[in-house]
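Here's the structure, in structure tokens; my notes come after.
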Amino acid sequence: MARDYAARCPRSPGRNAWMVAALIILAAQGVVAQKVRVEEELEAYPTESVDLRCEFVDGGSLTKLTQVSWIWEPVDGQRDNIAVYHPTYGQSFPNVAFKDRVIFLQNNLRIPSIRIKDLRMSDAGRYTCEYATYPSGNEQGTTTLIMLAKPKNSAKAVTVQAGSKSVMVAHCEAADGKPAATIKWLASVGGNHSTSSTNGPDGTVTVRSEYRLVPTAEDNGREVTCLVDQKTQDRPWTEVLKLSVEYPPTVTIDGYDHNWYVGRSDAVLFCHATANPEPTTITWTTASGSLPDTVVVEQNKLTVRKVDDAVNTTFTCEVKNKHGASRKTLTTFVIEEKREPVQEQQTGALVGGVFGTIIFIGIIIGIVFLVRKYQQDTEGPPKHKPPPPVKAGSSTEMMLDEEATDALNGGAPPVLNKDGSDGHHGNDSSNHGPSSGNIPRGESFVSTPMYV
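Mind the numbering: the sequence shown is residues -33 to -1, 1 to 419 in mature numbering (1 follows the signal peptide of the UniProt record, and there is no 0), read in order.
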């Protein structure tokens, strides 16, 4: 079918000419690409050096090389000569920005490789090794130089005050990096983050990220972690930050044991406060205002040297820091006599006795259960099948009656009288019970035992 189609649609001479021209152009481009050999892409860091290699490969042709130039293109449309080599006139470095930083590695027109020292971020761009030749004209190859920069990483927690609005509590920054870094956060607190970036004049990028949340007193001291990932780093850079949330004091009083009896000495109360920053003042007062004479205060500790009716009152502890004041009250009751506390050993013995009794009862119940189960298993239904009932007056009934009699005689044979009889008298009702023929259904088939 394909042959028939080709026969019906012969190629036109014009079409063939276009195909030949396209092949010639492609071949020419391949030859050009092969004549000037360069590296396609290089990466380097500031303050380092880089070698830009170039070699003219003509494959044995008679192309005449006139001179070679290195042209720098920092951006599209801008071309600056930075190094020129002529076999007669020598080397030239016309660009002031590269003066004293560029050298030819050898005086060879066919291998005009150069070295750029003390690199700067602004040196990034395309570098073209361009030959002036005869008779084919200019030949060239281009290398792209990519400048890399390790970012300067930093992270810091921001001190904030507890409140009801979302605020920044930590920030992380990767400054002057190329390419731009990526910042992530790991946190156990509920929050979110936002990231922004700024481009520098030398091509570097500064990335900044802020972590925000609605701060509470419980968030103080919790941790968040900043992770910075960038191409020039072997592994992500991390920094663990502890949040700093300031809040007014929270106050508690302890030490009261409900046993302040008259005459007791050194009864103590403690005022505890959690706050950020630390409390600046702690003040003890009573419901009447001033403290009794028997009371001594040392920072957060209140000591009653001798308990009397004067301390039968309400104590107030007030704590202040720069964010406010909080207070807590406690009412103490003075009793006439000392309350003897329950001995811990007696309490322990009592608890142990109760548990021992419970365990003993459980063991008894378990034994009883096992014994009853064993009895039920051994007293099961008979393992033999009982004989079927026998009709009254039958021969079988008589045989059973005789067997029963033998059983009552201990299994011995029947005793015979002098006349040869077995001791049964046909109609002697005084020695026998009712006839087997007259035994009602349901009564025993065992005959009346014989007395010898």
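In this text, a Cβ means the ideal position worked out from N, Cα and C, and glycines have one as well.
Every value quoted in this text rests on a predicted model; they were computed, and no experiment measured them.
- DSSP places aspartate 275 outside both helix and strand once states are collapsed to three, so it counts as coil.
- Separation of glutamine 342 and valine 335 (C-alpha to C-alpha, rounded to the nearest whole angstrom) is 11 Å.
- With a contact defined as Cβ atoms closer than 8 Å, serine 164 and valine 172 qualify at about 5 Å.
- Looking at the backbone, the Cα of glutamate 6 and that of lysine 198 are separated by about 21 Å.
- Under the three-state reduction of DSSP, glycine 319 is assigned to helix.
- Residue environment for lysine 145: buried (at least 16 other C-beta atoms within 10 angstroms of its C-beta).
- If you look at arginine 175, you'll find it in the beta strand (DSSP E) that goes 172 to 180.
- Under the 10 Å beta carbon count, phenylalanine 327 is surrounded by fewer than 16 other beta carbons and is classified as exposed.
- Counting only residues of its own chain and dropping the five nearest sequence neighbours on each side, serine 257 has no CB closer than 7 Å to any other CB.
- In the three-state scheme derived from DSSP, where H, G and I count as helix and E and B as strand, alanine 240 is classed as strand.
- Looking at the backbone, the Cα of threonine 250 and that of threonine 299 are separated by about 18 Å.
- The alpha carbon of tyrosine 214 has as its nearest neighbour, out of Thr248, Asp186, Tyr223, the alpha carbon of Asp186.
- Separation of the CB atoms of aspartate 90 and leucine 112 is rounded to 7 Å, and the pair is thereby assigned contact status at 8 Å.
- In the three-state reduction of the DSSP assignment, alanine 11 falls in the strand class, which pools E and B.
- For aspartate 85, the CB contacts under 7 Å within the same chain, skipping 5 residues up- and downstream, are Thr14, Arg68 in chain order.
- By the criterion of a C-beta distance shorter than 7 Å, alanine 147 is surrounded in its chain by Ser164, Val172, Val174, once the five residues flanking it on both sides are discounted.
- Assigned with DSSP and collapsed to three states, lysine 289 falls in coil, not helix or strand.
- Counting along the chain, the unbroken beta strand (DSSP E) around histidine 160 starts and ends at 159 to 166.
- With respect to the 8 Å criterion, tryptophan 39 and asparagine 120 are not classified as neighbours on the basis of their beta carbons.
- Counting of Cβ neighbours within 10 angstroms places tyrosine 94 among the buried residues, the total reaching 16 or more.
- Excluding its 5 nearest sequence neighbours in each direction, lysine 66 has C-beta neighbours in its own chain below 6 Å: Phe60, listed in chain order.
- In this structure, the CA atom of asparagine 105 is about 5 Å from the CA atom of tyrosine 98.
- Beta bridge pairing from DSSP links methionine 114 with Ala11.
- Counting other Cβ atoms within 10 Å of its Cβ, isoleucine 332 stays below 16 and is therefore classed as exposed.
- Around the CB of isoleucine 325, fewer than 16 other CB atoms lie within 10 Å, so the residue is classed as exposed.
- Assigned with DSSP and collapsed to three states, tyrosine 98 falls in strand.
- For aspartate 224, the closest alpha carbon among the candidates Asn75, Leu297, Leu76, Phe322 is that of Leu297.
- In this chain, proline 146 is not harboured by any beta strand (DSSP E), its DSSP state being neither H nor E.
- Glycine 323 is classed as exposed because its beta carbon has fewer than 16 other beta carbons within 10 Å across all chains shown.
- When DSSP assignments are scanned along the region 10 to 91, the uninterrupted stretches of beta strand (DSSP E) that are 3 or more residues long and fall wholly within it turn out to be 17 to 19, 21 to 23, 31 to 40, 47 to 53, 57 to 59, 69 to 71, 81 to 83.
- Residue burial is scored here from C-beta neighbours: isoleucine 330 has fewer than 16 other C-beta atoms within 10 angstroms and is therefore classed as exposed.
- Scanning Lys305, Ala11, Ala292, Pro54 for the CA closest to the CA of tryptophan 227 turns up Lys305.
- Per DSSP, the continuous beta strand (DSSP E) segment holding arginine 4 begins and ends at 3 to 5.
- Straight-line spacing of the CA atoms in glycine 57 and alanine 116 works out to 35 Å.
- Counting along the chain, valine 263 sits inside the beta strand (DSSP E) bounded by residues 262 to 265.
- When only Cα atoms are considered, proline 244 and leucine 180 end up about 20 Å apart.
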